[in-house]
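Q: Let me begin by handing over the structure; questions about it come next.
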Amino acid sequence: MLRTHYSREITPDDDGKKVVIAGWVHETRDLGGITFLVLRDREGLVQVTLPKKKVDEKLFNIVRGISRESVVSISGFVKREDKAPNNYEIIPSDVQVLNNADSPLPLDVTGKVNADLDTRLDSRFMDIRRQSIQAIFVIRHHVLKTIRTFLDNSGFKEINTPKIVATATEGGTELFPITYFEREAFLSQSPQLYKQIMMSAGLDRVYEIGPIFRAEEHDTTKHLNEVSSIDIEASFVTHEDVMSILELLVESVYSGVIKSCKHELDILGLQLRTPKVPFKRLSYDEAIDIGNMEWGDDLDTATEKAVGEKIGKHYFIVDWPTETKPYYTEPYEDRPEICKAFDLMHPRMELSSGAQRIHSHDLLLKRIEAQGLNPDGFEFYLRAFKYGMPPHAGWGLGLERLLMTMLDLNNIREVVLFPRDQHRLSP
RNA sequence: GCCCGGGUAGUGUAGCGGCCCAUCAUGAAGCCCUGUCGAGGCUUCGACUCGGGUUCAAAUCCCGACCCGGGCGCCA
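Just add 758 to wherever you are in the first sequence, counting from 1, and you've got this note's numbering.
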């Protein structure tokens, strides 16, 4: 057996117990007559102590010769020891070196020396060995788990839609073209059209968590060319209803992380507070007033920042000009120049946008044409509206932005294992 | 794509015309040390992104390329 216990499963009360631990050699401290080896596994650090007179000399020499970050499995006895970190240590009876690490290491795992993000991403496998980085991805896992539980409890079914598509789903953004046998195809920019088709299909409430691809040459700390989108679509509801689902979901993500990720939040030095619902609803008109902008334009960065600073917590921007939003967004009947769209904002940036969708085939067709798009490319989508499409609404939420704002990280790349941007395609 | 800033040992840095066969930390190799916990002490090793130019002299100034960071734009 290579492992019986993770580090955090051992306590001083296990004094005398035989255990097998396994992981990486975090560091060794050789004091001459006594040598300490700190082993690191996913859960934390364990001190292995080798007093020269009490352990086999062969073992003593093996341990002194192990390079940092080598992979080992160590059998030994737990010893209660006040002088040790966590008040226990392991006195080894056997040390197996399972894999030797080369030296020098591409970056420092112990946290003594900084590394640039670029250096870290080049050696991401080693970067993620650092506890503070690993904590981010453990939290990411809990966020996803919480979201799935929340949506499941709210009656949503998880679906998977194609990522290889024939046409631009929404227009607007640039797509990555790919070769599909003899034809041109694209990587999907959004599951939008497919999740709407599922409303016609009668699945009633669906969600998808998956990658979306945008071929924009943006070069910022909050954009990537491949990100994870959390998308929902629900029938027989209004945009107000899905806004409420969205704010409750954000609330539940925060409280879920606070509950399940105490250890990770400690490592990151964060004290999270669950945002209070309902979030403030700010109209588009109020937002552009704060930013001194012309009516009809999408909010620029400066306005987004100014409004964020003024409000200081999560909020919605509602009642957008119809022309700033995609063709499938439903205009207000009495004021068609504005529409039933909303953006969920964190003070730092946009997290989500959604809307009440058009469910009338004829109106949808008119809107597609009005935006200068060719309806032929949307045939497969429009068909679903001809034979019984219920009223529906939905949103898409950027997982990475939710995470980076929650964890107060300044670069979206921090929350993605292997980020894809204009310059980085590897690893 | 535009505007700034930057590229120095494996990693993070100091130096910004001669005082530099380049500073400090970390690391690696070796030695000393029985309670370390960013262990300590001593010795050694390891770098100026590339190409052109200016100058008696270039890590340092200029030009170009490549790469990185920040801001903006683009991105509903």
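All C-beta atoms, glycine included, are put in the ideal place defined by N, C-alpha and C. Please read these numbers as outputs of a predicted model, since none were measured by experiment.
What's the C-alpha gap between residue 785 and residue 768?
A: Distance between the alpha carbons of residue 785 and residue 768: 20 Å.
Q: Which residues does DSSP pair with residue 857 in a beta bridge?
A: The partner list for residue 857 (beta bridge, DSSP) reads 829.
Q: Could you tell me which whole alpha helix (DSSP H) segments of length 4 or greater appear in the segment 846 to 893?
A: Counting whole runs of 4 or more residues, the segment 846 to 893 contains the alpha helix (DSSP H) stretches 875 to 880, 882 to 885.
Q: According to DSSP, which residues form a beta bridge with residue 1076?
A: Beta-bridge pairing links residue 1076 to 1041, 1100.
Q: With H, G and I counted as helix, E and B as strand and the rest as coil, what does DSSP make of residue 770?
A: In this structure, residue 770 counts as helix in the three-state DSSP scheme.
Q: Using 10 angstroms around the beta-carbon of residue 804, count the other beta-carbons present and answer buried if the total reaches 16, otherwise exposed.
A: When all chains shown are included, residue 804 counts as buried.
Q: Grab the span of the beta strand (DSSP E) containing residue 987 for me, first residue to last.
A: Looking at the DSSP string, the run of the beta strand (DSSP E) that includes residue 987 is 984 to 993.
Q: For residue 1273 versus residue 822, is the C-beta distance shorter than 9 Å?
A: Nothing in the structure corresponds to residue 1273, since the chain is present only between 759 and 1185.
Q: For residue 799, I'd like the list of residues in its chain whose CB is within less than 6 Å of its CB, leaving aside the five on either flank, ordered along the chain.
A: Closer than 6 Å at the Cβ level, and outside the excluded window around residue 799, lie 764, 765, 781.
Q: Looking at residue 1008 and the ligand HEM, is the gap between the Cβ and the nearest heavy atom below 8 Å?
A: This structure simply doesn't include the ligand HEM, nor any ligand for that matter.
Q: DSSP beta-bridge partners for residue 839?
A: Answer is none; residue 839 lacks a bridge partner.
Q: If you run the structure through DSSP and keep just helix, strand and coil, what is residue 1150?
A: The answer is strand: DSSP assigns residue 1150 an E or B state.
Q: Does the count of Cβ pairs from the segment 879 to 886 and the segment 934 to 947 closer than 8 Å reach three?
A: As far as the Cβ criterion goes, the segment 879 to 886 does not touch the segment 934 to 947, which means the pair count is below three.
Q: From the DSSP secondary-structure annotation, give me the bridge partner or partners of residue 1068.
A: Beta-bridge pairing links residue 1068 to no other residue.
Q: Return the Cβ separation of residue 989 and residue 1154 in integer angstroms, given the expectation that the two are a contact with Cβ distance under 8 Å.
A: Right, the Cβ-Cβ distance comes to about 5 Å (below 8 Å), so this counts as a contact.
Q: Name, in chain order, the residues that DSSP records as bridge partners for residue 796.
A: Its beta-bridge partners are 785, 805.
Q: Assuming residue 938 is part of the alpha helix (DSSP H), what are its boundary residues?
A: That residue, residue 938, is in no alpha helix (DSSP H); its beta strand (DSSP E) goes 935 to 938.
Q: Ends of the beta strand (DSSP E) at residue 1113?
A: First-last of the beta strand (DSSP E) with residue 1113: 1107 to 1114.
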